[in-house]
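Data first, discussion second: the structure below is written as structure tokens.
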Amino acid sequence: MAEKRPTMGRFAPLQGVLITSQIARGRFDKIVVPEADPAFVIVAPRDIPGSNRLRVLDAQIPLLSSGAITYRDQPLLALFGPNRESALIKAKGISVSYVEDEPVESLSVTPYSYTFGNLEEALKEENLEILERSYCFHSKTKKRLTYNRVSVTYDGETLHIEAPTQWPAHVRESVAEVTGFPKKNIIIHRMPFYAPHDEMLIIPAQLAALCSVAAIKSGRNTEILYEMEAAPPRYEIKRKTYYQSNGKIQAEEIRATIDQGCASFFREELVNHVHTGLIPLYPVAALTIDVEVHTTNNRPAHFYGGLGYSEALACSEAHYSELAKLTGYNPLSWRMKFASENPSFTAMIRTDKYAKLKELASAVSKRADFTRKNAAYEMQRQMRVRHSTFFRYGRGNGLALAPGIGGFSRQFKGTPTQSVQVTLLPNDHVVINTSFYSNGNSAEIWKQIISDELGVSKKDISFVEDGNELLDSGPSVLNANSGRMPRHIHRACQLIKEKRFVEPLPISETVTFFRHPSAKDSLFFSNSWVAVVLELEISPLSLIPVIRSLWVSITTPKVYEKAAYISKIRHTIVTTLLEAGAQLSQSRGFAIDIQLEEEGEGMPSSMTLAVRGAVTAALLTALEQALGSSVKNIPVDGPMILNLLRSKH
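Residue numbers (this note's numbering): 27 to 675.
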């Protein structure tokens, strides 16, 4: 039964603002607050009855700084007043003096290594050539959303928290730890949100905890408006490939450096995803991958639509397209010759047969006329004619392939609880208990699975409302709504079917963490492939890449809500291109041609991360062909491309 929120009463809620640090590293020496005013409430570290920390699995950061400052805009105090305007004016009267430390490149470094084969023995092969490239994925601009509201209603016993959050259980646990309240006295009311870069994963818990402390201290309801901000980790990847003159790869040395900001949230899982993206689809005799996770004086960076799989995959696919050109192949013919099952790849992802991947690559290349256009653009590149602002001949195309993955890896030791419960009631009614939001296309997919498996009507399927009895389904990240959750619900339905007509109703089944049996010892299992061909030209005016057309082929098992699935793929493509610095052509010939082939059994793997990585790789390859220069950084912009053109001539 849903918990009802108490009325706000005759007093409007206190409005909160944060006082944050103006330096990136050091400590604050003194904070001077204007003389006390009963209309305002200040929350300082000494006011926190419980723990002054925000904990995420095995990592943590201070809720409010007690002196040391580890990143710019770190919260120092929270100020609550009668309205937002007066709180902002009052906050300007608070002065903070700092002792600033010299910036350092890295506060700590945590190394991780993966080795396959014997590199020393592999390099004894004679006449090996070397391709060495660097890639950097990092957005210099901050992603901001409109203000989002977190509010707390306190009745003297229970805290009712309204928050837009991707992880309701984390909000509840954080508030309990900070306030000392038992979790049964903390009710989370999930509010709508839009978080394309996972802005609502950690910050809502921080704001809810501060609002709760203020509500307890003042005896008033509280509210805070905050501009959510997200920053991706910085990925720098160096690849050194030893190959034979016929194009066959002998060995690889890969080194990745990741800047996670001041806190290493989900660090081990980030490394698993990066390793998986860096593993080649093609056999090698030896492979070493060294990943270093750095903590720095930057804002905490964690999920940003993913955990590094897309960036690492883009690096891998773009690198092999360059190798294909160096050895006399085009990107398609090289992949058709050398792509095959190999133990280093299987250790990370267990996939369907490679024959299907090659069919997919051939089909999308034929639709895009890839081979002919690639040859024409390559001839143009080799002519080395100066680019002109009057002629549009700076064109290129790219090809990339990828397996789809989603969710946490099977070896993630810190995997949070990921529960869902399905209950079959009399009269064929079904109730789903999950902390995930019950609206949108994902919920329709869950209902369709239950309807198909249990033979019930979708209108007879409902969800448990907000309250104490809501199960923790974990963070809504890594496409869990469309990836992990359908598998869990499908598994719960299978368990119910085994007991149906044998045991009395109601029958409830809870699935906490269901691993795909086909994954075996691999980190991930994938039964879906994507192949992408992209064609672009360089704008003669703005010197930015303009996408002329894009072709996508996907093979996957049965897809529920096909129209929504294709719409999600299209949205992923467009946002990936725009965030990478490209523009979409306004010409009539522009198209994003998506073809979906449903084949195989089981629940399909999530394709979002794979599509992002493949589109980025194809963009990199096409851009390098159009410019005749190596492109190191994503996203790109006009000044960067201008510098590349100047260095070329």
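Every residue, glycine too, gets a C-beta built ideally from N, C-alpha and C. Fair warning: this is a prediction, and the values are worked out from it, not measured in the lab.
- Cβ neighbours of residue 252 within its own chain (closer than 8 Å, five residues either side excluded): 44, 173, 174, 176, 229 and 233.
- Just measuring C-alpha positions, the residue of 590, 516, 506 and 624 sitting nearest residue 554 is 624.
- Between the region 275 to 290 and the region 181 to 201 there are fewer than three C-beta pairs closer than 8 Å, too few to call the two in contact.
- Between residue 57 and residue 122, the C-beta gap is smaller than 9 Å, which places the two residues in contact.
- Assigned with DSSP and collapsed to three states, residue 324 falls in coil, not helix or strand.
- For residue 525, the uninterrupted alpha helix (DSSP H) segment begins and ends at 510 to 525.
- Counting along the chain, residue 597 sits inside the alpha helix (DSSP H) bounded by residues 588 to 605.
- Per DSSP, the continuous alpha helix (DSSP H) segment holding residue 297 begins and ends at 293 to 304.
- Residue range 634 to 653 is occupied by the alpha helix (DSSP H) that includes residue 639.
- Residue 283 is bridged by DSSP to 262 and 318.
- Rounded to the nearest whole angstrom, the C-alpha separation of residue 80 and residue 614 is 51 Å.
- Within a 10 Å sphere around the beta-carbon of residue 141 sit fewer than 16 other beta-carbons, which makes this residue exposed.
- Under the DSSP definition of a beta bridge, residue 56 partners with 123.
- Taking one beta carbon from each stretch, the region 70 to 79 and the region 294 to 301 have fewer than 3 pairs nearer than 8 Å; the two do not touch.
- Taking 9 Å as the cut-off, the beta carbon of residue 256 is found no closer than this to the beta carbon of residue 308.
- When rounded, the separation of the alpha-carbon atoms in residue 639 and residue 274 is 23 Å.
- Counting along the chain, the unbroken alpha helix (DSSP H) around residue 478 starts and ends at 467 to 480.
- Here residue 258 is near residue 164, since their CB atoms are less than 9 Å apart.
- Nearest to residue 611 by alpha-carbon distance, out of 487, 41, 576 and 389, is 576.
- DSSP places residue 222 outside both helix and strand once states are collapsed to three, so it counts as coil.
- Counting other Cβ atoms within 10 Å of its Cβ, residue 345 reaches 16 or more and is therefore classed as buried.
- Closest in alpha carbon position to residue 485, among 477, 491 and 204, is 477.
- Rounded to the nearest whole angstrom, the CA to CA distance from residue 115 to residue 289 is 32 Å.
- Inter-segment contact for the region 517 to 525 and the region 346 to 361 is absent: fewer than three beta-carbon pairs are separated by less than 8 Å.
- Looking at 127, 206 and 353, the one whose alpha-carbon comes closest to that of residue 93 is 127.
- Sequence-distant Cβ neighbours of residue 124 in its own chain, meaning closer than 8 Å and more than five residues away, are 47, 48, 49, 52, 53, 54, 55 and 95.
- For residue 384, the number of other beta carbons within 10 angstroms of its own is at least 16, and it is reported as buried.
- With fewer than three CB-CB distances shorter than 8 Å, the region 460 to 478 does not count as touching the region 391 to 410.
- In this structure, residue 434 and residue 504 form a Cβ contact; the two beta carbons are roughly 7 Å apart against a cut-off of 8 Å.
- Remark: fewer than three beta-carbon pairs, one from each stretch, lie closer than 8 Å, so the region 617 to 631 and the region 315 to 327 are not flagged as touching.
- For residue 240, same chain residues with a beta-carbon under 6 Å away, outside a window of 5 residues either side, are 67, 69, 106 and 248 in chain order.
- For residue 436, the three-state secondary structure derived from DSSP is coil.
- The criterion of a C-beta distance shorter than 9 Å is satisfied by residue 594 and residue 634.
- Scanning the region 309 to 383 from its first residue to its last, the whole beta strand (DSSP E) runs of 3-plus residues come out as 312 to 321 and 375 to 377.
- Contact check for residue 550 against residue 280 fails: the beta carbons are separated by 9 Å or more.
- Residue state for residue 424 is assigned as strand, using DSSP reduced to three classes.
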